[in-house]
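Q: What the sequence shown shows, in our numbering, is residues 157 to 562, in sequence order.
Let me give you the structure first, and then I'll get to my questions.
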Amino acid sequence: MNYISSNKFSDVSVAIRTQLPLERSTITAYNILVYMLKTKTELFKTKQALISNLNEAYGMKLACGLSSYGADLILTTRIQYIRSDWIEEEDYIHKVKEITDQVLFHSVLDEASFEEAKYLYRNKLTRILDDPDGLAIYTCLTTLNTNHEISIPIQGSLDDLDQLTLQDIQNVYSAYLKADKHIFVCGCLDEEMKTYLERMDSSSKLNSTRSLLPILDYQEEIIEKNISQSSIALVYATSTDILSEDYYKMFVMNSLLGQSPTSLLFEEVREKHSLCYSISSYLIQFDGALIITLGTNKENIEKAIDLINQQIQRIIDLDFDPELLNTAKKDCIDSLIVAQDYPFSQIDQRFMDVLLSRDTDRDKKIKNIQKVSLEDVSAAAKKLKKISSVIVKEVELYEVQYEYIE
Numbered sequence: 157m158n159y160i161s162s163n164k165f166s167d168v169s170v171a172i173r174t175q176l177p178l179e180r181s182t183i184t185a186y187n188i189l190v191y192m193l194k195t196k197t198e199l200f201k202t203k204q205a206l207i208s209n210l211n212e213a214y215g216m217k218l219a220c221g222l223s224s225y226g227a228d229l230i231l232t233t234r235i236q237y238i239r240s241d242w243i244e245e246e247d248y249i250h251k252v253k254e255i256t257d258q259v260l261f262h263s264v265l266d267e268a269s270f271e272e273a274k275y276l277y278r279n280k281l282t283r284i285l286d287d288p289d290g291l292a293i294y295t296c297l298t299t300l301n302t303n304h305e306i307s308i309p310i311q312g313s314l315d316d317l318d319q320l321t322l323q324d325i326q327n328v329y330s331a332y333l334k335a336d337k338h339i340f341v342c343g344c345l346d347e348e349m350k351t352y353l354e355r356m357d358s359s360s361k362l363n364s365t366r367s368l369l370p371i372l373d374y375q376e377e378i379i380e381k382n383i384s385q386s387s388i389a390l391v392y393a394t395s396t397d398i399l400s401e402d403y404y405k406m407f408v409m410n411s412l413l414g415q416s417p418t419s420l421l422f423e424e425v426r427e428k429h430s431l432c433y434s435i436s437s438y439l440i441q442f443d444g445a446l447i448i449t450l451g452t453n454k455e456n457i458e459k460a461i462d463l464i465n466q467q468i469q470r471i472i473d474l475d476f477d478p479e480l481l482n483t484a485k486k487d488c489i490d491s492l493i494v495a496q497d498y499p500f501s502q503i504d505q506r507f508m509d510v511l512l513s514r515d516t517d518r519d520k521k522i523k524n525i526q527k528v529s530l531e532d533v534s535a536a537a538k539k540l541k542k543i544s545s546v547i548v549k550e551v552e553l554y555e556v557q558y559e560y561i562e
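Structure representation (structure tokens):
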């Protein structure tokens, strides 16, 4: 068990992580399972009963979710409860354990909860795809001409939903139950809960399975939609593994390019030229990809994309104030420091370090960031290869004319 002992927080935060293969054939089923895990259990026959018991446990919080790290799908159950030395009730920890155990290992998967989960899932994914930004990113990744796992949508697919049966969900639930559980805790843990979690924790080693996104032939897609502004998503291959000695160079370069509010993309495309409402870049670290997203009017699409290209070239040519690099590095370091104020951020960082078998020393990470030079960010920018873009473009609304017949 990975235990970050801390008296800083009033709550104990626990993440129970299950490592599974990320596969197109099962991802939609796992999305449905996430809904069903916290619907009803053998002891708590209804969702209302589960919610009532969470409230009785002094507002204990519980959530289930999926995330991907390269070729690995991680199903995480998060619980958060008030530390036991603040509660006088004798059976308090017993109640916390009972709720946790029921959700983890005793969910009831029946037709009623299956149909409810499908309904909720359909609404969620429909909202994502109705949102221009969400649609642009979703399409940009899922339509890549590659079998790489980055093209498998972590949200699942509406096309697969109608083909799912309850048996499919029971099959992935069985795989989930058999898979090892890895426990991460942040807070002040009492001995009773510690013993319970240690007994559940697997002794097996977490291993990362990943490969770099290949450099593909560039592809572009335009989707016309009745919306108020256009959304654009651009995908670049970075050819940089997260454990590579070049990773921190790419990390800082991304901050300089578009991650921070003082980035070149924000200052040039948004502030100076007023071509967009929002713009940013971020790394998909385990896949070796960088994504730029922006929202703009259709009249500004070509100008905005041209300016994006210019900012990447500026980094390559070192055509910017060197002080911007120091600001970018400070933003990267601040993100590591700020994470210490949030227990689940600490847990997420620890999980990544364990998964990658890398040094968890924050000071060493800061030193690696500080060492990044102007030449380093130039070299990182040179490695960027644009492989895909999707433009969700607004269309004109025309007045419909009606002919009335008397």
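We put the beta carbon where it would ideally sit given N, CA and C, even for glycine.
Because the structure is a prediction, the values reported are computed rather than measured.
Return the chain-ordered ranges of every beta strand (DSSP E) run that is complete within the segment 324–384 and spans a minimum of 3 residues.
A: Listed in chain order, they are 337–343 and 375–381.
Q: Please classify L530 as buried or exposed, where buried requires at least 16 neighbouring CB atoms within 10 angstroms.
A: Burial call: exposed.
Q: In angstroms, rounded to a whole number, what distance separates the CA positions of P370 and I398?
A: Rounded to the nearest angstrom, the two C-alpha atoms are 15 Å apart.
Q: May I have the straight-line CA-CA distance separating F200 from N327, to the nearest angstrom?
A: Those two C-alpha atoms are separated by around 22 Å.
Q: Taking contact to mean 3 or more Cβ pairs, one atom from each stretch, closer than 8 Å, check whether the segment 275–286 and the segment 186–203 are in contact.
A: Result yes; three or more Cβ-Cβ pairs closer than 8 Å.
Q: Under 8 Å, do I440 and F422 count as touching if we go by C-beta distance?
A: Not closer than 8 Å, so no.
Q: Does the Cβ-Cβ distance between Y332 and L178 come in under 8 Å?
A: No. Outside cutoff.
Q: State the DSSP-derived secondary structure class of A219, mapped to helix, strand or coil.
A: Looking at A219 - three-state DSSP - the assignment turns out to be strand.
Q: Confirm, please, whether the CB-CB distance from Y438 to V528 is below 8 Å.
A: Contact: no.
Q: Is it buried or exposed for H429, if we count other Cβ within 10 angstroms and need 16 for buried?
A: H429 should be labelled exposed.
Q: Tell me, which residues are paired with E531 by DSSP?
A: Looking at the DSSP assignment, E531 forms no beta bridge with any residue, so it has no partner.
Q: If we call anything under 8 Å between Cβ atoms a contact, is I160 one with Q375?
A: No, these two residues do not count as a Cβ contact at 8 Å.
Q: Helix, strand or coil for Q236, going by three-state DSSP, please let me know.
A: Three-state DSSP puts Q236 in a strand.
Q: Report buried or exposed for V546, applying the criterion of at least 16 other Cβ atoms within 10 angstroms of its Cβ.
A: Classification of V546: buried, given that the 10 Å Cβ count is 16 or more.
Q: Measuring alpha carbon to alpha carbon, tell me which of A536, G226, A219 and L285 ends up nearest T256.
A: Cα-wise, what sits closest to T256 is A219.
Q: Under the rule that 16 or more other beta-carbon atoms within 10 Å means buried, what is V170, buried or exposed?
A: Buried, since its Cβ has 16 or more Cβ neighbours within 10 Å.
Q: Quick one: what's got a C-beta closer than 8 Å to Q526's C-beta in the same chain, skipping five residues either side?
A: Excluding positions up to five away in sequence, the list reads K485 and I489.
Q: With H262 and E212 assumed to form a contact (beta carbons below 8 Å), what rounded beta-carbon distance in angstroms separates them?
A: With a Cβ gap of about 18 Å, H262 and E212 do not count as contacting.
Q: Could you give the residue range of the beta strand (DSSP E) that holds E550?
A: Start and end: K541 to E550.
Q: Helix, strand or coil for Y433, going by three-state DSSP, please let me know.
A: It is coil, neither helix nor strand.
Q: Mind checking which residues open and close the beta strand (DSSP E) that includes G451?
A: Unbroken beta strand (DSSP E) run through G451: A445 to T452.
Q: State the CB to CB distance for the pair T396 and K539, rounded to an integer number of angstroms; the pair is presumed to be in contact (CB under 8 Å).
A: Confirmed, about 6 Å.
Q: Mind reading off the beta-carbon distance from A292 to S387? Whole number of angstroms is fine, and I expect it under 8 Å.
A: The Cβ separation is near 4 Å, so the contact holds.
Q: Pull up the distance between the alpha-carbon of D286 and that of Y248, whole angstroms please.
A: Straight-line Cα distance between these residues: approximately 44 Å.
Q: Is the beta carbon of R283 closer than 8 Å to that of S166?
A: Their beta carbons are not under 8 Å apart, which means S166 does not touch R283 by this criterion.
Q: Opposite S387 in the DSSP bridges: which residues?
A: For S387, which the question treats as bridged, DSSP gives the partners G451 and V548.
Q: Going by C-alpha distance, which of L320, K251 and L206 is nearest V264?
A: When each option's Cα is compared against that of V264, the closest is L206.
Q: So for L199, helix, strand or coil by DSSP?
A: L199: coil per DSSP, three-state reduction.
Q: Quick one: grab the DSSP three-state call for P177.
A: Strand, per DSSP.
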